[in-house]
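Input: a single structure, listed below in structure tokens.
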Amino acid sequence: MNTTQETLAAVQTTKPRSSGIFLCLQAGRGIAALIVVLHHCADLLSTPKYGGAERWRIAFLSGHSGVEFFFVLSGIVILNAHRHDLGRPGRFVRYLGKRFRRIYPLYWIVLAIEAAVFLTHPAMGSGTETLPATLLQSALLMHITSTHTVVLVSWTLFHEILFYAVFSIAIVNAVIGRLTLALWMCAAGLTLLWPIANPVLAMYLSPLNVMFGFGMLVILFVSGKGSEQNPAARHAGLIAALGTAAFAGVAITETALAHELPILNVTYGLCAAIALVGWMLMERQGRLNIPRWLLFFGDASYAIYLTHHTVVSFLAKGIAPVALRHHVPIAVTFTCLAAGATLVGSAVHLLLERPFLLPRRSPQRS
């Protein structure tokens, strides 16, 4: 999620690119963040006090797939950024520092604000937000005794930190790390067949963690030796189209079913991985022109994701009752909530995250 200025020079490229920088991943982050915002806006408006617009919830149910997409992207980015650190223990501290700076500073600010709100207005939460164990686990982004969180959307960050921790083993010892990653992915996949009752253990072995593995396989395929001569490169556009169409097909299926299924979540990740292979190969061939606005939303995606649910909840309390009294179409309310959350998240990125919390670095290296 790098600064827009650092990436714009490469956006309009029409020449093949051989570097490890893929702007389509940045664009993907922006798309994923925006569809998650739409998903949560529709979900909130489906509750009775905000109009009970159940058809909107169903229409945007598949928006949660932005999370699966995020996880695949994360697998790609982490291996791409740290492939040369594998088996080099001397780079372990540097790796931890980069991962810490990427996740915790902005998250802790949001956590502090939300914790203060729940401490002063307990009725706004479920009651678990202010428990000492919840506060500690939320600060660490590590589930120990429960899966309760303070920041509702932070549940995905627990998975991210878990992935970073397992991946770090490969930096200390490449062989043991690769074996650990492979075993973890296999165990997580098996829980599709044999679900785990304990919620904490279920999170550590969630099938969602397989998405990181999909992402790592993507970057290995795209950037491996001989990838330039790989027959798949000649059909990059077809691969991208098939993967994208399959992803949309899963979304349509889920909408028709009107509820989530674990197997569909994994299928989203697989389709995203296929699509990204195609898009990355196309970008390497100089066949993509990525809009500047989409790169910006990629830059701001973390800030938008972290803040959007709180912003939507706050705006809904003021906008929805007025809209219901005056019979304002639900589409207008929905648009106001989504636009407001996106604008606030973008402002947080521009005014706080980018100038103060992000280190200067080259595009797509984190």
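First residue of the sequence shown? That's 1 in full-length UniProt numbering, and the numbers climb one at a time after it. The beta carbon of each residue, even a glycine, is placed where N, CA and C say it ideally should be.
Worksheet item: Out of curiosity, what's the CA-to-CA distance linking N173 and I78?
Response: The residue you call residue 173 lines up with position 173 of the sequence shown. The residue you call residue 78 lines up with position 78 of the sequence shown. Cα to Cα, N173 sits roughly 16 Å from I78.
Worksheet item: Taking the alpha carbon of L357 as the point to measure from, which residue in G30, V277, Y104 has its own alpha carbon closest?
Response: In the sequence shown, residue 357 corresponds to position 357, counting from 1. L357 has its Cα closest to that of Y104, out of G30, V277, Y104.
Worksheet item: Is Q12 helix, strand or coil when you go by DSSP?
Response: On the sequence shown, position 12 is the one that residue 12 refers to. Residue placement at Q12 is flagged as unreliable, the pLDDT there being 41, under the threshold of 50; the coordinate-derived value follows with that caveat. DSSP places Q12 in coil when its eight states are reduced to three.
Discussion item. Assuming the contact rule is C-beta atoms closer than 8 Å, V67 and S146 should be a hit. Round their C-beta distance to whole Å, please.
Written reply: Looking up residue 67 in the sequence shown gives position 67. Looking up residue 146 in the sequence shown gives position 146. Incorrect: roughly 21 Å between the Cβ atoms, too far for contact.
Practice prompt. Look up A197 in the DSSP assignment and say whether it is helix, strand or coil.
Written response: Along the sequence shown, one-based indexing puts residue 197 at 197. Under the three-state reduction of DSSP, A197 is assigned to coil, being neither helix nor strand.
Fill in: With 16 other Cβ atoms within 10 Å as the buried cut-off, status of R55
The count along the sequence shown starts at 1 and reaches residue 55 at position 55. By the C-beta density criterion, R55 is exposed, having fewer than 16 other C-beta atoms within 10 angstroms.
Worksheet item: What is the residue span of the alpha helix (DSSP H) that R284 lies within?
Response: Here residue 284 refers to the residue found at position 284 of the sequence shown. Counting along the chain, the alpha helix (DSSP H) containing R284 begins and ends at 262–284.
Worksheet item: Could you give the residue range of the alpha helix (DSSP H) that holds F297?
Response: The residue you call residue 297 lines up with position 297 of the sequence shown. It spans 292–325 - the alpha helix (DSSP H) in which F297 sits, taken as one unbroken run.
Fill in: Sequence-distant residues of its chain with Cβ nearer than 8 Å to T307 (five each side left out)
Along the sequence shown, one-based indexing puts residue 307 at 307. When the five nearest sequence neighbours on each side are left out, the beta carbons in the same chain lying within less than 8 Å of the beta carbon of T307 are those of V110, A341, V344, G345, V348, in order along the chain.
Discussion item. Looking only at its chain, what residues have a beta carbon closer than 7 Å to the beta carbon of A316, apart from the 5 residues adjacent to it on each side?
Written reply: Counted from its first residue, the sequence shown places residue 316 at position 316. Counting only Cβ-Cβ distances below 7 Å, and skipping sequence neighbours, we find L44, Y50, L337.
Item to complete: Buried or exposed for H143, please, with buried defined as at least 16 other CB atoms from any protein chain shown within 10 angstroms of its CB.
Response: Here residue 143 corresponds to residue number 143 of the sequence shown, with the count starting at 1. H143 is buried by the Cβ-count criterion.
Discussion item. My assumption, with CB atoms under 8 Å, is that A59 sits in contact with T310. Please give the rounded CB distance.
Written reply: Counting from one through the sequence shown, the residue named residue 59 turns up at place 59. Counting from one through the sequence shown, the residue named residue 310 turns up at place 310. That pair is no contact at about 23 Å.
Worksheet item: Mind checking S106: buried by the 16 CB within 10 Å criterion, or exposed?
Response: Residue 106 sits at position 106 when you count from the first residue of the sequence shown. Sequence check: residue 106 is Leu here, not Ser. With 16 or more other Cβ atoms from the protein chains shown falling within 10 Å of its own Cβ, L106 counts as buried.
Practice prompt. Kindly indicate the opening and closing residues of the alpha helix (DSSP H) around Y164.
Written response: Here residue 164 corresponds to residue number 164 of the sequence shown, with the count starting at 1. Start and end: 155–172.
Discussion item. What ranges does the alpha helix (DSSP H) occupy inside the stretch 108–161, keeping only unbroken runs of at least 4 residues that lie completely in it?
Written reply: Fully enclosed alpha helix (DSSP H) runs of 4 or longer: 132–140.
Item to complete: Specify the secondary structure class of S65 as computed by DSSP and reduced to three states.
Response: The residue labelled residue 65 in the question sits at position 65 within the sequence shown. When DSSP states are grouped into helix, strand and coil, S65 belongs to the helix group.
Worksheet entry | Burial state of S126, where buried means 16 or more other Cβ atoms lie within 10 Å | Position 126 of the sequence shown, counted from the first residue, corresponds to residue 126. Answer is exposed; the Cβ neighbour count stays below 16.
Worksheet item: Smallest Cα separation from F100: which of A139, P89, E129?
Response: As a first step, residue 100 must be located in the sequence shown, where it is residue number 100. When each option's Cα is compared against that of F100, the closest is A139.
Discussion item. Going by beta-carbon coordinates alone, are R57 and S46 separated by less than 7 Å?
Written reply: Numbered from its first residue, the sequence shown carries residue 57 at position 57. Numbered from its first residue, the sequence shown carries residue 46 at position 46. With contacts defined as CB atoms closer than 7 Å, R57 and S46 qualify as a contacting pair.
Worksheet item: By how many angstroms is the C-alpha of R325 removed from the C-alpha of A33?
Response: On the sequence shown, residue 33 is found 33 positions in, with the first residue counted as 1. On the sequence shown, residue 325 is found 325 positions in, with the first residue counted as 1. Taking the straight line from one Cα to the other gives about 31 Å.
Fill in: Neighbour-count burial assignment, V210, 16 or more Cβ in a 10 Å radius
For the purposes of this step, residue 210 is taken as the residue at position 210 of the sequence shown. It is buried - the Cβ of V210 has at least 16 other Cβ atoms within 10 Å.
Worksheet item: Which runs of the alpha helix (DSSP H) spanning at least 4 residues fall entirely within the stretch 27–85, listed in chain order?
Response: Within the stretch 27–85, the complete alpha helix (DSSP H) runs of at least 4 residues are 54–59, 65–82.
Practice prompt. Could you spell out the range, first to last residue, of the alpha helix (DSSP H) harbouring F356?
Written response: Working through the sequence shown from its first residue, we reach residue 356 at position 356. Taken as a continuous stretch (DSSP letters only), F356 belongs to no alpha helix (DSSP H), as it is neither H nor E.
Practice prompt. Whole angstroms is fine: what's the gap from L208's alpha carbon to R88's?
Written response: On the sequence shown, position 208 is the one that residue 208 refers to. On the sequence shown, position 88 is the one that residue 88 refers to. Approximately 28 Å between the Cα atoms of the pair.
Discussion item. Check whether chain B comes within 7 Å of L34, counting only Cβ atoms and requiring the distance to be less than that.
Written reply: Protein chains in the displayed structure number just one, and chain B is not present.
Item to complete: Under 8 Å by Cβ, that's how I've got I290 and L23 pegged, so tell me the actual separation to the nearest angstrom.
Response: Position 290 of the sequence shown, counted from the start, is the residue given in the question as residue 290. Position 23 of the sequence shown, counted from the start, is the residue given in the question as residue 23. Rounded to the nearest angstrom, the Cβ distance from I290 to L23 is 5 Å, consistent with a contact under 8 Å.
Practice prompt. May I have the straight-line CA-CA distance separating M280 from V222, to the nearest angstrom?
Written response: Here residue 280 is taken as the residue at index 280 of the sequence shown, counted from 1. Here residue 222 is taken as the residue at index 222 of the sequence shown, counted from 1. For M280 and V222, the distance between alpha carbons rounds to 7 Å.
Discussion item. Could you compute how far the alpha carbon of A233 sits from the alpha carbon of G278?
Written reply: Position 233 of the sequence shown, counted from the first residue, corresponds to residue 233. Position 278 of the sequence shown, counted from the first residue, corresponds to residue 278. A straight-line Cα-Cα distance of about 8 Å links A233 and G278.
Worksheet item: Buried or exposed: L351, going by 16 or more other Cβ atoms within 10 Å of its Cβ?
Response: Residue 351 sits at position 351 when you count from the first residue of the sequence shown. Exposed, by the Cβ-count rule.
Item to complete: Determine the direct distance from the alpha carbon of V153 to that of Y268, and round the result to whole angstroms.
Response: The residue you call residue 268 lines up with position 268 of the sequence shown. The residue you call residue 153 lines up with position 153 of the sequence shown. Computed Cα separation, rounded: 19 Å.
Fill in: Nearest residue (CA-CA) to S206, options I31, T128, C186, G224
In the sequence shown, residue 206 corresponds to position 206, counting from 1. Selection I31, T128, C186, G224 evaluated against S206 yields C186 as nearest (Cα-Cα).
Worksheet item: With 16 as the cutoff for other CB atoms within 10 Å, does I274 come out buried or exposed?
Response: For the purposes of this step, residue 274 is taken as residue 274 along the sequence shown, with counting starting at 1. Classification for I274: buried.
Item to complete: Starting from T191, follow the alpha helix (DSSP H) in both directions and report where the run begins and ends.
Response: Taking the sequence shown and counting its residues from 1, one reaches residue 191 at position 191. No alpha helix (DSSP H) contains T191, which DSSP labels as neither H nor E.
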